[in-house]
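For reference, the structure is listed below as structure tokens.
Protein chains: 2
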Amino acid sequence: MNKRNCFIGQSGGPTAAINASLAGVIYECIDCGEYENVYGMVNGIKGLIEGKFLDLKELFTDERNIRKLRQSPAMYLGSCRYKLPTHEEDPQTYETLFNYFEEHNITDFFYIGGNDSMDTVAKLSAYASIIQSPIRFVGVPKTIDNDLKGTDHTPGFGSAAKYVATSMLEIAYDSAIYKLNSVTIVEIMGRNAGWLTAAAALARNENNDAPDLIYLPEVPFSKEKFLADIKKVFETKRSVIIAVSEGLKDEKGQYLDADSEFQQKDAFGHVIHSGTGKVLENLVQQAFRCKVRSIELNVLQRCAMHIASAVDNDESFAIGREAVKAAMDGKTGVMMAFVRESDEPYTIGFEAKDVSEIANVEQKIPVEWINEDHNDVTEELYTYLRPLIQGEVDLEYENGIPAYMNVDHLK
Amino acid sequence: MNKRNCFIGQSGGPTAAINASLAGVIYECIDCGEYENVYGMVNGIKGLIEGKFLDLKELFTDERNIRKLRQSPAMYLGSCRYKLPTHEEDPQTYETLFNYFEEHNITDFFYIGGNDSMDTVAKLSAYASIIQSPIRFVGVPKTIDNDLKGTDHTPGFGSAAKYVATSMLEIAYDSAIYKLNSVTIVEIMGRNAGWLTAAAALARNENNDAPDLIYLPEVPFSKEKFLADIKKVFETKRSVIIAVSEGLKDEKGQYLDADSEFQQKDAFGHVIHSGTGKVLENLVQQAFRCKVRSIELNVLQRCAMHIASAVDNDESFAIGREAVKAAMDGKTGVMMAFVRESDEPYTIGFEAKDVSEIANVEQKIPVEWINEDHNDVTEELYTYLRPLIQGEVDLEYENGIPAYMNVDHLK
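Sequence order for the protein chains is A and B. Position one of the first sequence corresponds to residue 0 (numbering that gives the first Met the number 0), numbered consecutively onward. Position one of the second sequence corresponds to residue 0 (numbering that gives the first Met the number 0), numbered consecutively onward.
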């Protein structure tokens, strides 16, 4: 009698933990015994509009597959970059979707993603309210950028932060071996919010003081100050290690890698966006004439499951389960959020927040958490970040590489 | 009476396993009970000429420190890039060094490194023979490039290969999520030998067929063929993943990233060496007008201890111990080598080889191990590579990041 049916989707950029949240949703749907069908949209809401979905219940009734899914990076269900139009702009798409929902007796809709995905949840739940549909729409946050409002932090961020901190530590060891002056610039993702770049500070311990300098997109970047900062570090150290956000902007608000002074062209005259790290590498090279290297951590910071945070993986799984409980409690138009109860010991609770107040807002680092010199983070930011990278995931390996889920359905 | 004293040094580029070899040498020196003093040169032979060395025996009598050293990346003793002149060219340097040896009653000299380091061992042992010094000079190989002659493979290569294979797997998952055509080019270290690039093939398993194409520096690279290869993969797949060596050369033997057609200049007219991946990214972008990304694995492939191969770590430790045994057996002017006894089960033995026949020779991939199309590896190369990445190192973590040795003595 009481049988429920749901659609689950993933959207936006991948993380090492978004499949843990998917596993949490599926696990709870199966475990609670209330769901007859658990469907997964392939390539998010865009795929669903085209009628693409999978039956997830059978495959994941085997708990070994739940575990394997929790330990697989990127997105099992695939993704889309798609801004759902409003129902006033495009009533046809809403009719198509809600016809699908009716056809499959859908009671609940779970969507795991970042800002744009929460916008989708907000629009669908608002429309459901207008047409008096009883379907519950629940968002589950994820983003390595940690820039969602209303939640203490986002699933996926802790694993990316652990990758960044560990890589930064290893790069510092790598840079220490020669007896010569060198500058190493590590470019980290985060176009507008500097959370992930700030996580580089977690590489510091009693044996390592790198990164020596940290530059975040929340405060304006000055090239003159940057070179002066490096000069100062050189007074006491040979190897200078710097963490920079890809999204650094100058005093005029212009991205560094859009700066015409450093803009590069190939032989055909095409502009090459070389990236903030490369721009700064050239700047430092010209100023100091020493060994300079820039390293772009690139997509590995969002997909390196092999160095995922156990806290992040556990929480991402748990918040997926909580989303199902919220739907069964009758909640709709909400995003599940983490509420920090305590830093030490670190404890977290869950809450369902009004998604319309969260979608399309970027949560940046408070300037009080950036030092006065604008080249480092404060102790408060450390305290906030440290619990999120704790613990290692006990990954299964086969033939020397991690054993991840098959995703042939995305081909 | 029988007391021995030794110098140990490290040289060349870092790896995730060179400290395991250092730990093996130190462990055996202490364990055998024959050594009164175990000294470590700081910054290799160059540091020793300047009189810089450490007493290692006290610190590493504690086996917990041996374990921690085995699990620390880069080079505990620091490195140098220094080509020792011949004794004819510079008798003074040899006199300085051999005076040090006499002063400290040195019986054995262990040097862990690549080609240049083996050249140092060859020169010092040849000089010792001329002046009838009884000191034994033993080389221990290391390089992520796997390009040393006389040994089945080199310590450090397996860990780099495991990092490359795992990263390639994770990049493939990351690239699979969108429903659009894309090309991802991963640039891997190895200027003249393609072993590490070939290791990308180890990412393939029943769930993953990437990389789709592999380009090695041992065979000439043709841009036309490259674009035709990609076009062919696009016939059956949306996401094309390509592994390329940084050292690709065209039919005329010119490095791709030195190609004037693609050479980039900044606004000051300085040439920017953008790297092979970037050159190919631009080429593919212009040919296919699809999403193209190039990823440079950069220094992480040589220092990512957190995804080291247990086989590599164990063997690197063992070959360090074997070097001490060889010295005690009276061997000098030798490099310790791995001899493969069997692929399956994989077993390895050790042998001391004449270092003068090894130094300054580059061991490349045999062309028979590259497919006819020059865009992939053969089954023989798989079989050779697979055992080297097996097993994971049970790393200690503190506060969410790996616990590595203090290297303040390198500051």
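Cβ atoms here follow ideal geometry from the backbone N, Cα and C, with glycine treated the same way.
Worksheet item: Since A164 (chain B) meets chain A, which of its residues come closer than 8 Å, beta carbon to beta carbon?
Response: G399, I400
Worksheet item: Which term fits H408 (chain A), buried or exposed, when burial requires 16 or more other beta carbons within 10 angstroms of its beta carbon?
Response: exposed
Worksheet item: At a cut of 8 Å, does the stretch 66-80 of chain A reach the stretch 167-183 of chain B through at least three beta carbon pairs?
Response: yes
Discussion item. By the three-class DSSP mapping on this structure, what secondary structure does G39 (chain A) have?
Written reply: Strand.
Practice prompt. Give the C-beta separation of S158 (chain B) and T346 (chain B) to the nearest angstrom, bearing in mind that I take them to be a contact with Cβ-Cβ under 8 Å.
Written response: Rounded, the Cβ-Cβ distance is 20 Å, inconsistent with contact.
Worksheet item: Are the Cβ atoms of A202 (chain A) and L168 (chain A) separated by less than 7 Å?
Response: yes
Worksheet entry | Residue environment, N405 (chain A), which counts as buried when at least 16 other CB atoms sit within 10 Å | exposed
Worksheet item: In chain A, which residues lie less than 9 Å from R385 (chain B) when you measure between Cβ atoms?
Response: N398, G399
Practice prompt. Would you mind sorting K82 (chain B) into buried or exposed? The rule is 16 or more other CB atoms within 10 Å of its CB.
Written response: By the neighbour-count definition (other C-beta atoms within 10 Å, threshold 16), K82 (chain B) is an exposed residue.
Fill in: Neighbouring residues, chain B, relative to N297 (chain A) (Cβ below 7 Å)
I294
Worksheet item: Got a sec? Which residues, its chain only, sit under 6 Å from D375 (chain A) by beta carbon, not counting five neighbours each side?
Response: I213.
Worksheet item: When we look at the beta-carbon of I241 (chain A) and count the other beta-carbons within 10 Å, is it buried (16 or more) or exposed?
Response: Under this definition I241 (chain A) is a buried residue.
Worksheet item: At least one CB of chain A closer than 7 Å to the CB of P13 (chain B): is that the case?
Response: Judged by the 7 Å Cβ criterion, P13 (chain B) is in contact with chain A.
Item to complete: Could you tell me which chain A residues have their CB closer than 7 Å to the CB of S78 (chain B), listed as they occur along the chain?
Response: I176, Y177
Worksheet item: Can you round the beta-carbon distance between Y477 (chain B) and A200 (chain B) to whole angstroms, since I take them to be within the 8 Å contact cut?
Response: Since the first residue of chain B shown is 0 and the last is 410, residue 477 (chain B) is not available in this structure.
Item to complete: Pull up the distance between the alpha-carbon of F261 (chain A) and that of D393 (chain A), whole angstroms please.
Response: Here the model assigns F261 (chain A) a pLDDT of 48, short of 50, so the residue's position is not dependable, and the following value carries that caveat. CA-to-CA, the gap between F261 (chain A) and D393 (chain A) works out to about 45 Å.
Discussion item. Counting only Cβ-Cβ distances shorter than 8 Å, please list the residues of the stretch 364-378 of chain B near chain A, keeping chain order.
Written reply: none
Worksheet item: With 7 Å set as the bound, which would you pick, yes or no: does the beta-carbon of V406 (chain A) sit closer than that to a beta-carbon of chain B?
Response: yes
Worksheet item: Quick one: is Q389 (chain A) near chain B, going by C-beta distance under 7 Å?
Response: yes
Discussion item. Helix, strand or coil for E371 (chain B)? Go by DSSP, reduced to three states.
Written reply: coil
Worksheet item: Buried or exposed: G246 (chain A), going by 16 or more other Cβ atoms within 10 Å of its Cβ?
Response: buried
Worksheet item: For chain A, is any of its Cβ atoms less than 7 Å away from the one on D313 (chain B)?
Response: no
Discussion item. Counting only C-beta atoms, is Y93 (chain A) closer than 7 Å to chain B at any point?
Written reply: Chain B, which has no Cβ nearer than 7 Å to the Cβ of Y93 (chain A), makes this no.
Practice prompt. May I ask you to report which of helix, strand or coil DSSP gives M188 (chain A)?
Written response: Three-state DSSP puts M188 (chain A) in coil, outside helix and strand.
Fill in: Limits of the unbroken alpha helix (DSSP H) element including I229 (chain B)
222-233
Fill in: Per DSSP, cross-strand counterpart(s) of Y34 (chain B)
B:R3
Worksheet item: Going along the chain, which residues of its own chain have a beta-carbon closer than 7 Å to the beta-carbon of S259 (chain A), five neighbours each way excluded?
Response: Confidence is the limiting factor: at S259 (chain A) the pLDDT is only 48, short of 50, which leaves the residue's position unreliable, though a coordinate-based value still follows. Excluding residues within five positions, none has a Cβ falling inside 7 Å.
Worksheet item: Among residues of its own chain, excluding the 5 on either side of F156 (chain B), which ones have a beta-carbon nearer than 6 Å to its beta-carbon?
Response: Correct list, in chain order: I143, N145.
Item to complete: If I'm right that I420 (chain A) touches T92 (chain A) with Cβ under 8 Å, what's the distance once you round it to whole angstroms?
Response: Absent from the structure is residue 420 (chain A), since the part of chain A shown begins at 0 and ends at 410.
Practice prompt. Assign D30 (chain B) to buried or exposed, taking buried as 16 or more other Cβ atoms, counted over all protein chains shown, within 10 Å of its Cβ.
Written response: By the neighbour-count rule (16 or more Cβ atoms within 10 Å), D30 (chain B) is not buried but exposed.
Worksheet item: Around the Cβ of D372 (chain B), are there at least 16 other Cβ atoms within 10 angstroms (buried) or fewer (exposed)?
Response: Of the residues assessed, D372 (chain B) falls on the exposed side of the cut-off, its CB having fewer than 16 other CB atoms within 10 angstroms.
Worksheet item: Excluding the five sequence neighbours on either side, which residues of its own chain have a C-beta within less than 7 Å of the C-beta of A22 (chain B), listed in chain order?
Response: Here the set comprises I65, L68, R69, F316, G319.
Fill in: Local Cβ density within 10 Å of G50 (chain A), reported as buried at 16 or more and exposed below that
exposed
Practice prompt. Might you give, ordered along the chain, the residues of its own chain that have their beta carbon closer than 6 Å to the beta carbon of Y126 (chain B), omitting 5 neighbours on each side?
Written response: H86, Y93
Worksheet item: Quick one: Cα of N206 (chain A) to Cα of Y403 (chain B), how far?
Response: Going by the C-alpha atoms only, they are around 8 Å apart.
Worksheet item: Does the Cβ of V283 (chain B) have 16 or more other Cβ atoms within 10 Å, making it buried, or fewer, making it exposed?
Response: It is buried - the Cβ of V283 (chain B) has at least 16 other Cβ atoms within 10 Å.
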